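Contents: one structure, followed by commentary.
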Amino acid sequence: MDKKKILVVSHALELGGAERALLGMLYSFDYSRVEVDLFLMRHQGELMHLIPKEVNVLSESSDCACLAVPLADIIKKGKLRMAYGRLKGRSKSNKYAKKHNINASNVAIEYSHKYTYRFMPALNDSYDIAISYLTPHYFVSEKSNANTKIAWIHTDYARIDIDVESELKMWSAYDYIASISDKCTEGFCSKFPTLRDKILRFDNIISSEFIMKQAEEFNAESEFDNNCIKLLSIGRFCEAKNFDNVPEICKIIRSRGLNVKWYIIGFGGDEQLILSKIKEYNMEDYVIILGKKDNPYPYIKACDLYVQPSRYEGNCVSVHEAQVLNKPVVITKYATSASQLTDGFDGIIVPMNNKECAEGICKILNNADLMNRLIVNTENTDYSNKNEVEKLYEIMNRG
0 MDKKKILVVS HALELGGAER ALLGMLYSFD YSRVEVDLFL MRHQGELMHL
50 IPKEVNVLSE SSDCACLAVP LADIIKKGKL RMAYGRLKGR SKSNKYAKKH
100 NINASNVAIE YSHKYTYRFM PALNDSYDIA ISYLTPHYFV SEKSNANTKI
150 AWIHTDYARI DIDVESELKM WSAYDYIASI SDKCTEGFCS KFPTLRDKIL
200 RFDNIISSEF IMKQAEEFNA ESEFDNNCIK LLSIGRFCEA KNFDNVPEIC
250 KIIRSRGLNV KWYIIGFGGD EQLILSKIKE YNMEDYVIIL GKKDNPYPYI
300 KACDLYVQPS RYEGNCVSVH EAQVLNKPVV ITKYATSASQ LTDGFDGIIV
350 PMNNKECAEG ICKILNNADL MNRLIVNTEN TDYSNKNEVE KLYEIMNRG
C-alpha cells in the first residue's frame, strides 16, 4: 500500500506551547503509513534537534526566512521584494489599527504574510494533506498543492484584535479548520460564524513518553530553593500569560504565612514589565525568572505546584505537560479553562482577581489531602491524546 503524503508548515521551532504540540503530533504519526515533509519558514529554535528522524525537513527558503527578522537584515541581504512586502504590511496594519482604535500587533503579523507570500517560492511536491500549523495561513493555501488543506487555531479569537474581513478570506481557503478546544471554536466563530461548518476538533497531542524521558535528563533541584514551597509557571512573557501579576499574587500568598517562591520559565517582550512589578512588590527574593530553558521538564518535576495564571489561552500545553509529570496544577478562570482540566479532579481553577487567585492557591497548599488527590488522579489519566492523529488518517482515506 502506498504511503499517504503529509505536508506540515510552521514558522520555526522556538520554545513555545504550540511548537511543543507540533512535535507531539510529529511523534504520533505512524511512519509505516505516512510520509511527512516539514517546511519551516526559518530553521531556527531550541527545539529543532527534537524533530523525529522519520520526518523529512525541507530546505529553508531564503525568502520565507525574511519573516520575523529585522527589516534592516533583509535589505542587507538584497531581499528587496520581501522588504517591500513587509513595509507595505506594516504601513497598512498601522493605518487599520489607527482607524479602528485597536492594537496593531496581530494585524501586523497577518499583513506581513499577506503582502509577502507572493514573493515566496511554491513547493513542488503534491500531498494528500497540507497542514498550516500556525497563523498566518497564506503560504499553505497559496504555495502548496494538496488534496486537502487544514489550518490550525491555537488561541482564543474572542480576546484578540484582528482585521476580520482580511482573515476571513485567509481562513476560507481551507477545507478544514482544526480547533484545539470547544472554547477556541466558540471564540473563533464569534469572529467568523460562516466558517463553523469547517471546524474540526483536534486536541493538542502530547508525547508522554518523550516528556517523562526528558524530565530525567538532569536534576533541576539545584536551581531551586528546596527549603520552601516551589511554584512554577512556564510561557512567553506576553499579555496573555499574565506573569506581570505574579509578584502581587506571590506577595499575598506569603502574607498568609506560606513560605513560597515562584519560579518563571520563559522569555519575551514583557520581561521588563515583569521585573518592574517584582521590584514594585519587593519580591526580588521570591519571584525568580529562570529565563529560556530548552528542556523545562526537569523543572516541572522538581516543583511542588504548577500554576498557569493566564488572562487567556487556547489550550495551554504546559498545563498538560505538568499533569503528565503528575504535578498538582492551578489555573486561572480564563475563557477556555474548563477545557484544560476537571476542576477539583486533576487541577484547580481559581479566580482571575489577584487577591482571590492568591487565596485559592493558599487553600490548595494548606490542604495536603487535596494535593495528594490531584496527584493520584493525574497518575490515572492519559493526557497524550495520541489517537487524535486518526482524524487526519480518516480525512486522507476519504480522498
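Numbering that gives the first Met the number 0 puts the first residue of the sequence shown at 0, with every later residue one more than the last. Glycine included, C-beta positions come from ideal geometry on N, C-alpha and C. Bear in mind that the values here come from a model prediction, so they are computed numbers and not experimental data.
If you draw a straight line from the Cα of Val54 to the Cα of His112, it comes to about 26 Å. Here the C-alpha atom of Ser9 lies approximately 34 Å from the C-alpha atom of Lys229. Here DSSP, grouped into helix, strand and coil, assigns Leu194 to helix. Taken in chain order, the complete alpha helix (DSSP H) segments of 4 residues or longer contained in the stretch 95–180 are 104–113, 137–142 and 163–171. For Gly290, the enclosing beta strand (DSSP E) starts and ends at Val286 to Gly290. Taken atom to atom, the span from the alpha-carbon of Val375 to that of Pro297 is near 20 Å. By the Cβ neighbour-count rule, Ala121 is exposed, with fewer than 16 other Cβ atoms within 10 Å of its own. As computed with DSSP, Gln307 is found in a beta bridge with Ile330. Burial check for Ala219: the Cβ neighbour count within 10 Å reaches 16 or more, so the residue is buried.
Under the DSSP assignment, Ile228 falls in the beta strand (DSSP E) whose first and last residues are Ile228 to Ile233.
The alpha-carbon of Pro246 is positioned some 6 Å away from that of Val286. Considered as a whole, the stretch 256–289 harbours 270–279 as its complete alpha helix (DSSP H) runs of no fewer than 4 residues, in chain order.
Short of 6 Å from the beta carbon of Met24, and not among the five residues preceding or following it, lie these beta carbons of its own chain, in chain order: Ile204.
Residues of the same chain with a CB within less than 8 Å of the CB of Leu12, apart from the 5 flanking positions on each side, are Glu18, Leu21, Leu22, Leu39, Gln43, Gly44, Glu45, Leu46, Met47, Leu49 and Ile50 in chain order. Taken through DSSP and simplified to helix, strand or coil, Asn93 comes out as helix.
DSSP, read as helix, strand or coil, puts Leu340 in coil. Of the residues assessed, Lys94 falls on the exposed side of the cut-off, its CB having fewer than 16 other CB atoms within 10 angstroms. Put simply, the backbone Cα of Val163 is about 29 Å away from that of Gln307.
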